[in-house]
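I have placed the structure first, in the form of structure tokens, so that the comments after it can refer back to it.
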Amino acid sequence: GIGAKAAITGLDYNDVPAHVLYEDKLCIIQANVCGIRQRLPLLQGRAQSADASVIVACETKIDGTVEAGSLAIKGYTLISRKDRSAHGGGILVWAKTSLNATEIDTADVAEASWILVATVMGNVCICCCYRPPGSTAVDAYLPRSLGKVTIFDPIVTLLVGDFNRHDLDSLYTSTRSLGLKQLIREPTHVRGGVLDMVFTNSDGGCVMTSVDPIEARISDHVCITTTIPLLLSTNSSKATRRGWDFRHADWKGFRAYVHRKLRRRLLSGGCPDRAVSHLESVLHSGMEIFIKAVDIPTGCNSVPWWDNACTDAVASLVRDPTADSRRVALGLIEAKRHEYCDMVREKLTEGRLSCKQFHRLAKELSLSTKAKSCSIPPLELADGVLTTDDSAKAEALAQHFQSKMVLPDSDGPFDAGPRVLDSASTTSLLVDPCDVMSILKRLNVSKAAGPSCIGPRVFRELASVLAPPLASLYNNIFRRCQWPRSWKISNICPIYKRKSRRDVRNYRPIALLEIPSRIFERIFSQKLVTHALKNNVIAPDQAAFLPGRGTGDVMWEFVSDAISAMNSRQTWHVLQTDIAGAFDRVDRALLLRRLENAGIRGRLCNLLQNYLSDRKFKVVCAGTCSTLYHESAGVCQGSCLGPILWLYYFSPIHSAATRAAGPGLTTYTFADDHTQGSRVRAQLDQGEVGALVFTGGARITMESSKKGGSYLSKLGVSVARPRQYQFGAAGYISGKGGRV
């Protein structure tokens, strides 16, 4: 939200008048003034007549002898100043005193600075620059700085200034590689030529520019006015997706319709593909009749408290742009903001949040770049060119995700673990309608829908009529060992991980599957977990995706072992490793061997084989889908079966490491993070060799950049001072008495 984004930049949200945050547009004027002190009154008059939000002055000729007081403009605050360099020039940037704006980055050598303006629709980032003739400092600064400002998740990025380049085509080509478009087409100098330009990641329909001549006594350049409407979507594709207004849905009529239209004999005994197609057809037709359809813009940003009421208020304001309707709309939006802030304050003060919920809320409030509301910025393609097109982004991400599924060559035999003789618990799978009903009623309606666009709200509201037919469908699928083809197609949502947001390698694929498929997978995975716990199929050091286990258990075991070693005056050596692209690089043939060895046999194994075969995916970016790509390896991230299948596949690494190192080696595993600890340093080398033997046979590789070694040791004991312990690699010092 705006308040959290402002906090990042040091702004105080509460000090900004509320009505200013809801301006319907931002107006930026830029002018080359060729000496500012004598022409400041003329520039001030033009800014006031245009009601400019931001004023950018280039080639000001100022230096350190000019005091800030002599550069004041009434009603505006000087937020950025760059004195002239050896080449001349200099830039000044003013913003309205009441505007929520600040400088977020400035160049060391180049005459350029970035300004952030926080608005109700999101952040606007403006780079103001002056490029002296013959200088390339600005050209070198722009690519680096564009990557920095993406952390603010701007809805519009602008690059304005005097570039001193008459060859428009050459500059346009070079700047196009930054993922920006040039909007100025008219001469901006009295002698002709386009020197002053406006680059943006949006299109001319959202960011509008106009060229206005300036009197010769002000400058030999023209003045450029750039206007950004803040109540319109900034998505360049102007795409919309179909959504549903559940506020006035006729759920009673919908239930009666589904109960009347469903062919239960087809669901319980027919072809699973035809049965699923029939189910989706009935639900789609019912949604058309009993729920109002709406078009939802894609790719536009919003704030946490923005809901349908705010959208309706803005729509009424656009239809009737009067002072009264504006006051009503902005009052409603402000009330929603206060309601959201009160809700957050209540959550934090009453202590009702779990650890996971607290960290999720903290990420949203701090505008972490991993927050779920973040959009995809311009992405760098294979040829080094950045793209702002949603379709090109989706294709680039899809191609990268498919390339991650390429498996390395096998480096030895695969360790499938000890053979489990007990397979009675996995030979049958009978789904009870009561179990389906329980899952349907607990569905989280805020979760996304799958490729069919039938969301969890529909299934939860129709739980009473859908539970028996779905149970019949699941039992039919198990009898035939045939997973429906439409359930093998997933929408991939790219989730940012770390480092540069422009690099496709820094995104994780999360699959959005059909709701009925998720329900069946949950029942299926519970069967696999029960069997694994009963027969000790999963190593005891694994703490992920299992009931009653978590990161706290791993940390407690690690700390207990380390303190025990240090209390015995020994050093606790640690080796930390991680698997590269773990879920995406599972050899499915080896996985089936591992499952069969672990006691998953008969129809259950056959159904899993069908589930893993011929799977496809498409990436969705701002409502735009890529083409379908084939999954050659891996298990789905975002599914219920994916995590438990990974645990089955990866579990033998524990026995491989301990067998190679011998007694004394302890392992700690959470999903694909594998850590080894020992009091003897040489044992870690032997344990690492054993782990590498397993990963080589399993056709997975260790992430070399995440490998790390460390140790915990006692520094000394003294009667006069408490004992201290040191975590060698991380520089960690424990508290008194050895309590870590």
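Residue numbers (the UniProt record's numbering): 1 to 740.
All residues carry an ideal CB built from backbone N, CA and C; glycine is no exception.
For T551, the enclosing alpha helix (DSSP H) has its first and last residue at T551 to N567.
In this structure, P433 lies away from L443, with their beta-carbon atoms at least 8 Å apart. Taking all protein chains in view, the Cβ of D63 is surrounded by fewer than 16 other Cβ atoms within 10 Å, so the residue is classified as exposed. Ranking A682, A698, A661 and D245 by CA distance to the CA of G690 puts A661 first. Collapsing the DSSP output to three states places R498 in coil. Measuring C-alpha to C-alpha distances from A52 to each of V574, L26 and A31 identifies L26 as the nearest. In the three-state reduction of the DSSP assignment, Q482 falls in the coil class.
Cα atoms of N100 and A118: separation of roughly 6 Å, rounded to the nearest angstrom. Between the alpha carbons of N535 and L381 lies a gap of roughly 48 Å. Ranked by how close their Cα comes to the Cα of I700, the residues L641, T627, G581 and D673 have G581 in first place. At least 8 Å separates the beta-carbon of Y668 from that of F545. Taking all protein chains in view, the Cβ of N567 is surrounded by fewer than 16 other Cβ atoms within 10 Å, so the residue is classified as exposed. Cβ-Cβ distances below 6 Å link F401 to P509 in the same chain, with the five nearest sequence neighbours on each side left out; the list follows chain order.
Nearest C-alpha to D561 among A335, R37, L712 and L440: L712.
Between the alpha carbons of G90 and D105 lies a gap of roughly 16 Å. Per DSSP, S525 is one residue of the alpha helix (DSSP H) stretching across I515 to N535. Taken atom to atom, the span from the alpha-carbon of I519 to that of D614 is near 21 Å. For V620, the closest alpha carbon among the candidates Q609, D435 and K393 is that of K393. According to the DSSP assignment, T658 belongs to the alpha helix (DSSP H) that extends over I653 to A661.
When the Cα atoms are used, K706 and H674 turn out to be separated by approximately 11 Å.
Rounded to the nearest angstrom, the gap between the Cα atoms of L473 and S486 is 14 Å. The alpha carbon of S113 has as its nearest neighbour, out of L379, G161 and G69, the alpha carbon of G161.
The beta carbon of T571 sits closer than 6 Å to those of Y711 and S713, all from its chain and outside the five residues before and after it, given in chain order. It is roughly 45 Å from the alpha-carbon of G664 to the alpha-carbon of V431. In the displayed model, I228 falls within a strand according to three-state DSSP. The segment 69-79 and the segment 134-148 do not touch, with fewer than three beta-carbon pairs separated by less than 8 Å. The continuous alpha helix (DSSP H) containing Q609 extends over residues G602 to L612. The three-state secondary structure of G253, taken from DSSP, is helix. The three-state secondary structure of N506, taken from DSSP, is helix. The criterion of a C-beta distance shorter than 8 Å is not satisfied by R144 and L407. At a Cβ-Cβ threshold of 8 Å, Y496 and L397 do not count as neighbours. In terms of Cα proximity to E67, the closest of I36, I55, K616 and L43 is I36. Assignment of K618 by DSSP, reduced to helix, strand and coil, places it in the strand class. Cβ-Cβ distances below 6 Å link P451 to I489 and N491 in the same chain, with the five nearest sequence neighbours on each side left out; the list follows chain order. D139 sits in a helix when the DSSP states are folded into three classes.
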